[in-house]
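Engineer:
See the structure below:
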């Protein structure tokens, strides 16, 4: 296959970016090559706002052709959480044809080596970045995120996570030299001499099982980690969120072909309604790596049954905030209100349980009782979302009917401190938009435990009264150990308490945010600096991203020759 993109062209364009990424995963400093602001796009070949919207609209009501082998029909059932039926059909694959075709290009992709693979991956990300406005609408209308969040989280932040995975993959593959001369002295006899070569060998086809809420942000780390380590990637999107990942596959296939590689190294597996092909794919012998984000039940099934594959899961947890004391009461309330409201709580990092001593807390605004803290936080959320236009921009839409059902059922679990209210989106009147509900629970009562010890995904939080901060820390420990947590937050002015909560999180492998009162929130993580999940508690068996996330996607194979 003739290459339109040469290695030297790719190196000239992307090597500096790769080097910066390699540096920043060591320093953990802030850095991003992908602009966050929509106005940064529209020049140098990138789509501006109007062009991106037009590109998205042109996709609706069409067939999304990918020219991949084994297409035996068409399927597509996406309906935007904002109301419109997208009407897009995707190729349905005969796996017995597609999977062998995906393996055919592995040899050349392996022989390309870590650097060339990384540079091709960066070209894919670069072209996705140029279409960020188009991707933003695709993410918005499949996940229910508000536009600005879909633009940032589904665009530059997702692209950052993909680049981060490429950097880790390159670093781990090049940790071992490609070749070495080996000489062992033998005293008076001639030394023993060998020439050795070391090749990063991919495991095989990787399966990416996409999620509904963050198809690109959660999908890109696994996709690019596998591709950069030499593995073909079969993308199986969530049936409600196919378009963002189908666009990604389209771009990847285009770049691979132009770089002289087999486009079938990346392919799409869209499913028919009720087909449930994830289980079928996950246990096929060709599938050697699986990346999954979603429910605990299916994540556990994958870990137990996909025995032939290396499985990376991000499942569910019960995220907790311990409120002991604060020297910025207003800032704490404001920070928590935003965290509870963003994307209607439909993030795996959103706080659910707020552990508050029943005797109250000490603040810079005086002593506050448990009831006062809960009432003030409820008022802060209500104030933040009091303007419907601002509320729509923060909340987005409920992604599916299950979230709405959980929200409505939560009000029956205890005393409602903050009732949910319905909001109309004037641009999308069919969207289901609801403000968060906050429920008061007594942590000492066994009947309340069933609620706060289970994940209630969506705009639901529990203000749990505990006997003391010490009791709260024990409940935190038990929650993380038994149920897992993607995030933990704490507010305290006590160095003793700070050390104690830090010790719990170190022992139970939970990522901790302390005393956040400004513009950084517990449910946000920054690529290249923050670890998303730890892989050390039941919420996830992997972290995005670290060396462990990439290193087992390939094996080092050695060839020794007599020198």
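In this note's numbering, the protein residues as written are 9 to 571. Just so it is clear, CB atoms sit at the ideal spot from N, CA and C, and this is done for glycine as well.
1. Nearest CA to the CA of residue 505: which residue from 533, 476 and 117?
2. Helix, strand or coil for residue 307 per DSSP?
3. Mind checking who residue 365 pairs with in its DSSP beta bridge?
4. Three or more C-beta pairs under 8 angstroms: does that hold for the region 181-195 against the region 241-253?
5. Using a Cβ distance threshold of 8 angstroms, determine whether the region 446-456 contacts the region 297-311, with at least three qualifying pairs required.
6. Determine the DSSP secondary structure at residue 433, reduced to helix, strand or coil.
7. Does the separation of the CB atoms of residue 549 and residue 518 fall below 7 angstroms?
8. For the alpha helix (DSSP H) that contains residue 28, what are its first and last residues?
9. Closer than 8 angstroms is the cut-off here; do at least three beta carbon pairs connect the region 160-167 with the region 12-22?
10. Three Cβ pairs or more, each shorter than 8 angstroms: is that satisfied between the region 237-246 and the region 211-221?
11. Should the region 474-494 be regarded as contacting the region 317-329, the criterion being three or more beta carbon pairs within less than 8 angstroms?
12. Could you name the residues of the same chain whose beta carbon sits closer than 6 angstroms to that of residue 345, not counting the 5 residues immediately before and after it, in chain order?
13. Helix, strand or coil for residue 194, going by three-state DSSP, please let me know.
14. Please name the residue, chosen from 421, 219, 433 and 510, that lies closest to residue 286 on a Cα-to-Cα basis.
15. Could you tell me how far apart the beta carbons of residue 360 and residue 463 are, in whole angstroms, since I believe they sit closer than 8 angstroms?
16. CA-CA distance, residue 141 and residue 147?
17. Relative to the alpha-carbon of residue 157, which residue among 352, 171 and 238 has its alpha-carbon at the smallest distance?
18. For residue 296, which three-state DSSP category applies?
19. Is residue 384 near the ligand GDP, judged by its Cβ being under 6 angstroms from some heavy atom?
20. Could you check if residue 151 is buried or exposed, using at least 16 other CB atoms within 10 Å of its CB as the buried criterion?
21. Look up residue 221 in the DSSP assignment and say whether it is helix, strand or coil.
22. Which one of 200, 95 and 84 has the shortest CA to CA distance from residue 101?
23. Any idea what DSSP makes of residue 411, helix, strand or coil?
24. Let me check understanding here. Comparing Cα to Cα, which of 185, 357, 371 and 170 lies closest to residue 26?
25. Residue 453: buried (16+ other C-beta within 10 angstroms of its C-beta) or exposed?
26. Do the region 127-140 and the region 55-65 touch if we need at least three Cβ pairs shorter than 8 angstroms?
27. Kindly indicate the opening and closing residues of the alpha helix (DSSP H) around residue 135.
28. Short check: CB of residue 87 to CB of residue 80, under 7 angstroms?
29. Using C-beta distances below 7 angstroms, list every residue in its chain close to residue 551, excluding the 5 sequence neighbours before and after it, in chain order.
30. I'd like to know whether the C-beta atoms of residue 336 and residue 501 end up nearer to each other than 7 angstroms.
31. Between which two residues does the beta strand (DSSP E) carrying residue 1 extend?
32. Do the CB positions of residue 428 and residue 442 come within less than 7 angstroms of each other?
33. For the alpha helix (DSSP H) containing residue 380, name the first residue and the last one.
34. Between 226, 233 and 188, which lies nearest to residue 210 when the distance is taken from Cα to Cα?
35. With a Cβ-Cβ cutoff of 7 angstroms, do residue 117 and residue 238 count as a contact?
36. Suppose only complete runs of 4+ residues qualify. What are the alpha helix (DSSP H) ranges in the region 57-86, listed by chain order?
Structural biologist: In short, the structure shows the following:
1. 476
2. helix
3. 474
4. no
5. no
6. coil
7. no
8. 15-35
9. no
10. yes
11. yes
12. 388, 389 and 392
13. strand
14. 219
15. 7 angstroms
16. 10 angstroms
17. 352
18. strand
19. Among the ligands in the structure shown, none appear at all, so the ligand GDP cannot be discussed.
20. buried
21. coil
22. 84
23. helix
24. 170
25. exposed
26. yes
27. 121-138
28. no
29. 539, 540, 541, 542, 543 and 557
30. no
31. Outside the shown range of the chain, which is 9 to 571, sits residue 1, and nothing can be said about it.
32. yes
33. 378-392
34. 233
35. yes
36. 57-67
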